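>
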Amino acid sequence: MVTGGMGFIGSNFIRYWLERHPEDTVLNLDLLTYAGREENLADVVRDPRYALSVGDIADPMVFRLLEEEKIDTVVHFAAESHVDQSILDPQRFVRTNVLGTQNLLEAARRTGVKKFVHISTDEVYGTLGSTGAFTEETPLAPNSPYSASKAGSDLLVRAYCETYGFPAVITRCSNNYGPYQFPEKLIPKIITRALRGEDIPVYGDGLYVRDWLHVEDHCSGIERVILQGRQGEVYNIGGGNERTNLSMVRLILEELGRPLSLIRHVEDRPGHDRRYAIDALKIRRELGWQPLRSLEEGLKTTVQWYVEHQDWWEPLLAGGGQQE
1 MVTGGMGFIG SNFIRYWLER HPEDTVLNLD LLTYAGREEN LADVVRDPRY
51 ALSVGDIADP MVFRLLEEEK IDTVVHFAAE SHVDQSILDP QRFVRTNVLG
101 TQNLLEAARR TGVKKFVHIS TDEVYGTLGS TGAFTEETPL APNSPYSASK
151 AGSDLLVRAY CETYGFPAVI TRCSNNYGPY QFPEKLIPKI ITRALRGEDI
201 PVYGDGLYVR DWLHVEDHCS GIERVILQGR QGEVYNIGGG NERTNLSMVR
251 LILEELGRPL SLIRHVEDRP GHDRRYAIDA LKIRRELGWQ PLRSLEEGLK
301 TTVQWYVEHQ DWWEPLLAGG GQQE
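All the letters of the sequence shown, read from the start, carry residue numbers 1 to 324 under full-length UniProt numbering.
(1) If you draw a straight line from the alpha carbon of E223 to that of I170, how long is it in whole angstroms?
(2) My output table needs one value for Q322: the three-state DSSP class, helix, strand or coil.
(3) Look up I200 in the DSSP assignment and say whether it is helix, strand or coil.
(4) Check whether the Cβ atoms of C219 and Y16 lie closer than 7 Å to each other.
(5) For the beta strand (DSSP E) holding D211, just list the boundary residues, first then last.
(6) Tell me whether S53 sits in a helix, a strand or coil according to DSSP, three-state version.
(7) Measure from the alpha carbon of F77 to the alpha carbon of each residue in L292, R250 and V215, then state which is nearest.
(8) Please name the residue, chosen from L281, P201 and R284, that lies closest to H265 on a Cα-to-Cα basis.
(9) Bridge partners for D154 per DSSP, in chain order?
(10) Tell me whether residue 332 is buried or exposed, calling it buried when 16 or more other Cβ atoms sit within 10 Å of its Cβ.
(11) Confirm, please, whether the CB-CB distance from W305 to P179 is below 7 Å.
(12) Please specify which runs of the beta strand (DSSP E), each continuous and at least 3 residues long, are wholly inside the stretch 117-193, giving them in chain order.
(13) For G36, which residues in the same chain have their Cβ closer than 6 Å to its Cβ, ignoring the five residues on either side in sequence?
(14) With DSSP as the reference, label N236 as helix, strand or coil.
(15) Hey, would you say L292 sits closer than 7 Å to D211, going by beta carbons?
(16) Note the first and the last residue of the continuous alpha helix (DSSP H) segment covering T244.
(17) Give me the Cα-Cα distance between E19 and N12, rounded to the nearest whole angstrom.
(18) Using alpha carbons as the reference points, say which of R284, N97 and A168 lies closest to G239.
(19) In or out: Y164 buried (at least 16 other Cβ within 10 Å) or exposed?
(20) When you compare the CB positions of L128 and A280, do they come within less than 7 Å of one another, or not?
(21) What are the start and end residues of the alpha helix (DSSP H) that includes V83?
(22) Compute the distance between the beta-carbons of E80 and R64, then report whether it is under 7 Å.
(23) Within 10 angstroms of its Cβ, does S120 collect 16 or more other Cβ (buried), or is it exposed?
(24) For K110, which of helix, strand or coil comes out of DSSP?
(25) My parser needs the alpha helix (DSSP H) runs of 4 or more residues fully inside the stretch 17-80; what are they?
(26) Which same chain residues end up closer than 7 Å to E324 when comparing Cβ atoms and leaving out the 5 residues on each side of it in sequence?
(27) To the nearest whole angstrom, what separates the beta carbons of I87 and S144, a pair I think is in contact under 8 Å?
(28) Can you find the residues in the same chain that come closer than 6 Å, C-beta to C-beta, to R193, ignoring five residues on each side of it along the sequence?
(29) Return the CA-CA distance between T158 and E123, expressed in angstroms with no decimal places.
(30) CA-CA distance, R196 and R250?
(31) Can you tell me where the beta strand (DSSP E) with I283 in it begins and where it stops?
Next comes the structure, spelled out in structure tokens:
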């Protein structure tokens with residue numbers, strides 16, 4: 001079972017898994033919120049190995065679903081994930097990310113799930129100075145309601161491993177990009193606004209640094225963790241592509257042939273982490289994983305996808321998908 005499989009990373013993962021594991025069936029549990037869209041998996045809905053169950057991970061029905069479907073593996077993506085929205089409405093993030101994860105963990109424990117992979121984020125580590133990188137041993141120091149709720153869910157997973165011997169693994173990834181990403185996020189926001197000739201808002205001085213990971217490279221890392229990851233462990237998955245937000249805007253505008261004059265600096269958001277960087281040495285050494293795409297290659301194909309799929313993102317903008 002994949003939770004949140006209609007979202008950006010979840011839908012890419014389901015497609016990735018079905019292509020590479022023809023013997024498996026996948027049940028997608030998704031609440032179909034604003035960022036979870038059935039169009040994201042329009043190409044697999046008729047695959048007999050795939051099924052959708054519309055539901056909430058915080059609902060008690062999760063136990064019955066896991067039991068009836070005889071689920072042996074859970075890959076848990078479902079989460080509220082937009083930092084700006086967490087500042088406006090933190091309670092919604094605690095409900096889904098903390099209470100929902102605990103409900104799912106308990107249902108999985110009681111129904112004998114054999115492997116539970118919890119997908120988390122490097123944001124739980126907080127912020128970095130100009131040097132160093134997050135390792136799996138870095139203390140958790142979240143700075144936004146979103147990252148705090150994800151850190152809470154990580155600690156619940158750890159507690160289930162320690163208390164019950166529950167077969168769970170945690171992954172923490174750097175910033176993802178690629179096709180089917182909702183336009184509220186940085187890269188699709190830049191692309192879609194540039195294609196429409198609109199100003200590109202950049203927080204503060206634009207020198208906030210992120211490590212960028214193509215979503216398919218992330219999926220391949222999760223695949224390695226499912227197949228080989230050790231119970232109770234944490235694995236960082238990073239792309240090794242550090243860039244400032246401002247440099248990302250410039251790269252995309254250059255790729256699209258749009259002027260730099262579209263850039264507009266706006267007031268910074270509260271609690272904005274200055275830099276993230278992932279040390280992915282553990283997953284490289286233990287599981288033999290490494291990203292296959294350079295940022296330049298991945299960004300080029302991502303920009304092209306949005307150029308060719310305006311019918312996917314334009315209705316989202318009409319419905320308020322560009323959240324400042």
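For glycine and all other residues, C-beta sits at the position ideal for the given N, C-alpha and C.
Computed from a prediction, not measured in an experiment: that's the story for all the values here.
Put simply:
(1) The straight-line gap from Cα to Cα measures roughly 13 Å.
(2) Confidence in Q322 is poor, its pLDDT being 46 and thus under 50, which makes the residue's placement unreliable; the coordinate value appears in the next sentence. Of the three classes helix, strand and coil, the one that applies to Q322 here is coil, per DSSP.
(3) Strand.
(4) Cβ distance < 7 Å, so C219 and Y16 count as in contact.
(5) Annotation for D211: the continuous beta strand (DSSP E) segment containing it runs V209 to H214.
(6) Three-state result, S53: strand.
(7) Checking every option, the nearest Cα to that of F77 belongs to V215.
(8) The candidate whose alpha carbon is nearest that of H265 is P201.
(9) Looking at the DSSP output, D154 shares a beta bridge with no other residue.
(10) Outside the shown range of the chain (1 to 324) lies residue 332, about which nothing can therefore be said.
(11) Against a cut-off of 7 Å, the Cβ pair of W305 and P179 comes out as a contact.
(12) The stretch 117-193 is shown to contain whole beta strand (DSSP E) runs of 3 or more residues at 168-173 and 175-177, in chain order.
(13) Within the same chain, G36 has close Cβ partners M6, G7 and D30.
(14) Note: N236 maps to strand in three-state DSSP.
(15) If you check the CB distance, L292 and D211 do not come in under 7 Å.
(16) Annotation for T244: no alpha helix (DSSP H) segment contains it, though the beta strand (DSSP E) segment containing it runs E242 to T244.
(17) Approximately 11 Å between the Cα atoms of the pair.
(18) Comparing Cα-Cα distances from G239 to each of R284, N97 and A168, the minimum goes to R284.
(19) Exposed, because fewer than 16 other Cβ atoms sit within 10 Å of the Cβ of Y164.
(20) If you check the CB distance, L128 and A280 do not come in under 7 Å.
(21) V83 to L88 is the span of the alpha helix (DSSP H), which, as asked, contains V83.
(22) No, the Cβ-Cβ distance between E80 and R64 is not below 7 Å.
(23) By the Cβ-count criterion, S120 is buried, with 16 or more other Cβ atoms from all chains shown falling within 10 Å of its own Cβ.
(24) The residue you asked about is not Lys; residue 110 is Arg in the sequence shown. Three-state result, R110: helix.
(25) Unbroken alpha helix (DSSP H) runs of no fewer than 4 residues, entirely contained in the stretch 17-80, are found at 61-69, following chain order.
(26) With a pLDDT of 36 at E324, under the threshold of 50, the modelled position of that residue is not reliable, and no figure is offered here.
(27) Right, the Cβ-Cβ distance comes to about 7 Å (below 8 Å), so this counts as a contact.
(28) For R193, where only same-chain residues beyond five positions count, the Cβ hits under 6 Å are I200.
(29) The sequence shown places Arg at residue 158, rather than the Thr named in the question. Between R158 and E123, the C-alpha separation is close to 17 Å.
(30) If I take the Cα positions, the gap works out to 16 Å.
(31) Going by DSSP, I283 is part of no beta strand (DSSP E) but of the alpha helix (DSSP H) stretching over L281 to L287.
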